[in-house]
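Worksheet for the structure shown next.
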Amino acid sequence: SLSDRLQDTFGRLRGKGRLTEDDINVAMREIRMALLEADVNYRVVKGFVARCKEKCLTSEVMDSLTPAQNVVKIVLDELTVLLGSTDSKLTLAQNRTPNVIMLVGLQGSGKTTAAAKLAYLLKGQGHSPLLAACDTHRPAAADQLATLGGEIGVSVYRGDGVDAVAVASEAVREAVDHLNDLVIVDTAGRLQIDEEMMNEAVAIKRAVRPDQILMVLDAMGGQDIVNVVSEFATRVDFDGVIMSKLDGDARGGGALSVREVTGKPIKFVSMGEKPDSLEVFHPDRMAKRILGMGDVVGIIEQAEKVADEQQVADAERMLREGFTMDDLLSQMQQIKKMGGLQKIAGMIPGMERAMAQAPGAADEDQLVRIEAIIHSMTRGERVRPKTINGQRRRRIAAGSGRSVQEVNQLIKQWGEMNKMMGKMRGLTQQGAVGKKSR
Ligand code: GDP
Ligand code: MG
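Residues in the sequence shown are numbered consecutively from 4, following full-length UniProt numbering.
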């Protein structure tokens, strides 16, 4: 992946100590290749590498004691700039009810799913959205939106299902009647840029005057993302981008090209098919992720989303009294809730690689196996795993349908985690780690 390649390049630089101009040239060439292979637009790459190189070749960097670190910092900063520098908020007029958000984009880009995800996100922020099913070209489109709306508890206005412009206008009136403060308009797309589609989008835009038009872009789109985006920018114009399918094995080049090519900010990224997989886009965090530096803030936010008072109390008890098998299980379930190990691993530097090198080491199936083993232990054994002798290990293995080795492995893993907890306990008692107050 792009991250792996950039990490390799930086790794080689770090191994060198002092850097020559040649070293920088080689590194920049590698970065250039990595970006091109990740489908970043050619012109964007050229400008980017030129800016990085110029900054790297200053005496300040070359003569510093840690030149490699400086190079990484320069690339990180330039990447952040490329991605838009600052977070871009969704702007809605204060004195207008309902506010209208319209989604546009090619067919299959993820508009309908994004409409539902956005509704879910904004509902969570206290809004009362109404979804308008204005893709009247594919009969299944309104059904799809209705199903998604049902899942997240958001009403969907379908109208006659024929005239997209009328459906949009009526949805706005419907929202007034039903006290919805927000209308999210899903529209039709084509596989390619098409006159009729553009005209319809423009007509809907005129009819409902959206506060925000967001273009949904498939991150897997590759190089021609740039053409599609430029076309939409001139015909319909839009305020920002929702980048979808960033969870897939997208090479990610689109995200890096969009801002520079169109000047439009990425506002949200979508990392999966579930309603809660839409996230506000943070350029600095994305840049760090691309460089494999991890998204620590993201991990904490993700954890806070699922953490409740009980879990905070549990954590405090664990630090006080030690770590039981039940704790180990609930930790693992927690990880599952946070979106699986794959997703978390993607946010921790080096973790994704470590997991790839040890296939199956931390997959979801393993959680099921561990759950079975723990459930075959008695309550006492779960609290004091050290007391489990050889005979009991065999019983537990038989009871859970797993091997004795797996049982041993789990108990060993618990031992290591318990040791880690012990260390943390030591730190808290010394006051080195502040207790989180809530
Ligand atoms: P539309 O034609 O633009 O309305 O696209 P849809 O919303 O129907 O999405 C097309 C397909 O992409 C569907 O199968 C979605 O489930 C899938 N999809 C949309 N967004 C994401 C995403 O962020 N990640 C993944 N993995 N799939 C997505
Ligand atoms: Mg659709």
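Cβ atoms here follow ideal geometry from the backbone N, Cα and C, with glycine treated the same way.
DSSP places Ala136 inside the beta strand (DSSP E), whose first and last residues are 132-137. If you check the C-beta of Ala171 against ligand 2, you find no heavy atom less than 6 Å away. Two segments are said to touch when three or more pairs of C-beta atoms, one from each, lie closer than 8 Å; by this definition the segment 195-203 does not touch the segment 84-102. For Val157, the three-state secondary structure derived from DSSP is coil.
If you draw a straight line from the Cα of Asp329 to the Cα of Lys126, it comes to about 34 Å. Residue environment for Val232: buried (at least 16 other C-beta atoms within 10 angstroms of its C-beta). Within 10 angstroms of the beta-carbon of Ser273 lie 16 or more other beta-carbons, which makes it buried. Val407 is positioned such that its CB atom lies closer than 7 Å to that of Arg397. A distance below 7 Å separates the beta carbons of Arg8 and Ala37. Counting other Cβ atoms within 10 Å of its Cβ, Ala117 reaches 16 or more and is therefore classed as buried. Cβ neighbours of Leu124 within its own chain (closer than 7 Å, five residues either side excluded): Leu281. Excluding the 5 residues flanking it on each side, Ser62 has no same chain C-beta neighbour closer than 8 Å. For Glu33, the enclosing alpha helix (DSSP H) has its first and last residue at 24-40. Using a Cβ-Cβ distance cut-off of 8 Å, the segment 62-82 and the segment 102-112 are not in contact, since fewer than three pairs of beta carbons, one from each stretch, lie closer than that value. In the DSSP assignment, Glu282 falls within the beta strand (DSSP E) that extends over 281-283.
With a cutoff of 7 Å on beta-carbon distance, Pro213 and Val283 are scored as not near each other. By the Cβ-count criterion, Ala143 is exposed, with fewer than 16 other Cβ atoms from all chains shown falling within 10 Å of its own Cβ. The segment 18-35 makes contact with the segment 49-66: 3 or more CB pairs, one atom from each, lie closer than 8 Å. Taken atom to atom, the span from the alpha-carbon of Leu185 to that of Ser131 is near 6 Å. The beta-carbon distance between Leu259 and Leu86, rounded to whole angstroms, is 7 Å. This is short enough to meet the 8 Å contact definition. Look at Ala143: its beta carbon is at least 6 Å from all of the heavy atoms in ligand 2.
Per DSSP, the continuous beta strand (DSSP E) segment holding Gln215 begins and ends at 215-221.
Between Val239 and Val264, the C-beta gap is not smaller than 7 Å, which leaves the two residues out of contact. DSSP places Thr116 within a helical segment (H, G or I) once states are collapsed to three. When beta bridges are read from the DSSP output, Val188 appears opposite Met105, Ala135. With contacts defined by Cβ atoms closer than 7 Å, Ala171 and Ala210 form a contacting pair.
CA-CA distance, Leu5 to Val244, rounds to 22 Å.
Here the alpha carbons of Leu121 and Arg161 stand approximately 18 Å from one another. Classified as exposed, Gly393 has fewer than 16 neighbouring CB atoms from the shown chains inside 10 Å of its CB. Nearest Cα to Ala135 within the set Gly129, Arg99, Gln128, Ala178: Ala178.
Counting every other CB atom within 10 Å of its CB across the protein chains shown gives Asn44 a total of 16 or more, marking it as buried. Nearest to Pro286 by C-alpha distance, out of Pro278, Asp279, Lys270, is Lys270. Taking C-alpha positions only, Ile391 is separated from Glu384 by approximately 6 Å.
In the structure shown, Ser247 falls within a strand segment according to DSSP collapsed to helix, strand and coil.
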